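Taking our numbering, I'd label the letters of the sequence shown as residues 147 to 251. Just so it is clear, CB atoms sit at the ideal spot from N, CA and C, and this is done for glycine as well. Keep in mind that this is a model prediction, so the values were computed, not measured. Structure first, commentary second.
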Amino acid sequence: MARLLGQKAINKVVSHVEGVHHELGDVARRIKGNAEARLAIHRQTGSARVTLTEGETDWLVNLEDNAALSIEFGHVVKGKYETDPPKFAPGLYILTGAAGLENIG
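Right, here's the structure in full:
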């Protein structure tokens, strides 16, 4: 008789199928390349960089910088003068766009 497995169990099974880890690495490398290109367009100064981390069953593409969260999702900038209202600087969505996730949600 067939057994119904939950998503977590299926993910664990699939993640250990031969070839899956290698294919995920290929996808992660493509995303990293896209992210590096997107970052290069915007970088004038700074030390932000895109790195790749191999896990036991998955891969991570990382934006590394002290201000990585602000670079990715945006931040509020105080006005030049105390009386100026703060302004929102939109994020660049380096990783989000590189992974093709811009229009999700």
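As far as DSSP is concerned, residue 159 takes part in no beta bridge. By the CB criterion at 7 Å, residue 225 and residue 236 fall outside the cutoff. Pairing residue 168 with residue 210, the inter-Cα distance amounts to about 24 Å.
A residue is called buried once 16 or more other Cβ atoms fall within 10 Å of its Cβ, and residue 154, having fewer, is exposed. No Cβ-Cβ contact shorter than 7 Å links residue 175 with residue 244. Scanning the stretch 164-246 for uninterrupted beta strand (DSSP E) segments of 3 residues or longer gives 195-200, 205-210, 220-223, 233-236, listed from N- to C-terminal end.
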